[in-house]
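Q: Residue numbers (the working numbering), protein chains in the order written: chain A, 1 to 112; chain B, 1 to 112. Ideal placement from N, C-alpha and C gives every residue a C-beta, glycine not left out. Right, I'll just put the structure down here and ask away after.
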């Protein structure tokens, strides 16, 4: 069936380095993609989104890249900080659908 | 404060108890959702409400009963739960279909 999945379950990076979290999706009809950050004891928080008519979008210290050819989504975090330690989820939304499909999540640990 | 408030934050209940989870959104969104988050599993959609009407029931057991009295409030009534129902229950809202969600902080439910 259709699915959204993450390549790596855990990622450890040195403080100050850049982080890259990857996500593969299989629903070619998906037209909206979102990255969420979930800290311990909290609900997921919106980080950045991108629609299928774009291949790159930048926010503050974060960049999302979308490669529709290979159905791949990535989140890049520049100058990773201890406060970035969390689980990161990608999610996709098919056209006209209320339902977001979430990946399993990648745990990012920042080493001081 | 995310604009989506869930109460209680923590709940311990016996298998014969009846309890309710409450969600309130202050964002003027039209759709509300219940998700279940278990350890090492993707977020699982349970119910979707759009303009107070239930539009999706994702094969959820009848021991979970949702209620949406208005577009701002969503309840999840629980009765005769099983220990495997222990999880983080997340409420979310969105403006419309195709939009990202805003999540609450969740209710950590433990069934004993």
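Is there a Cβ from chain A that is less than 8 angstroms from the Cβ of residue 3 of chain B?
A: For residue 3 of chain B, the answer is no, since every Cβ of chain A falls outside 8 angstroms of its Cβ.
Q: Apply the 10 Å Cβ neighbour rule to residue 87 of chain B and answer buried if 16 or more other Cβ atoms are within range, or exposed otherwise.
A: Looking at its Cβ environment, which holds 16 or more other Cβ atoms inside 10 Å, residue 87 of chain B is buried.
Q: Does any residue of chain B have a CB that is nearer than 8 angstroms to the CB of residue 82 of chain A?
A: No - not a single Cβ of chain B is within 8 angstroms of the one on residue 82 of chain A.
Q: Is residue 31 of chain A helix, strand or coil by DSSP?
A: Of the three classes helix, strand and coil, the one that applies to residue 31 of chain A here is strand, per DSSP.
Q: State yes or no: is the beta carbon of residue 24 of chain B nearer than 8 angstroms to at least one beta carbon in chain A?
A: Taking Cβ atoms only, chain A never reaches closer than 8 angstroms to residue 24 of chain B, which makes this a no.
Q: To the nearest angstrom, how far is the alpha carbon of residue 71 of chain A from that of residue 41 of chain B?
A: Distance between the alpha carbons of residue 71 of chain A and residue 41 of chain B: 22 angstroms.
Q: May I ask you to report which of helix, strand or coil DSSP gives residue 82 of chain A?
A: In the structure shown, residue 82 of chain A sits in a helix (DSSP, three-state: H, G or I).
Q: So, with DSSP's three-state summary, where would you put residue 83 of chain B?
A: In the structure shown, residue 83 of chain B sits in a helix (DSSP, three-state: H, G or I).
Q: Cβ of residue 107 of chain A less than 8 angstroms from any chain B Cβ?
A: With 8 angstroms as the cut-off, residue 107 of chain A does not count as an interface residue toward chain B.
Q: Give the DSSP-derived three-state secondary structure of residue 25 of chain A in the structure shown.
A: In this structure, residue 25 of chain A counts as strand in the three-state DSSP scheme.
Q: Measure the CB-CB distance between residue 77 of chain A and residue 19 of chain A and report whether it falls below 8 angstroms.
A: Taking 8 angstroms as the Cβ cut-off, residue 77 of chain A and residue 19 of chain A qualify as a contacting pair.
Q: Of the choices A:91, A:38 and A:16, whose alpha-carbon is the least far from that of residue 99 of chain B?
A: The shortest Cα separation from residue 99 of chain B among A:91, A:38 and A:16 belongs to A:91.
Q: Run through the segment 24-102 of chain B for me and flag every whole beta strand (DSSP E) of 3 or more residues, listed as ranges in chain order.
A: Listed in chain order, they are 31-37, 44-50, 53-57, 64-70, 73-79 and 87-94.
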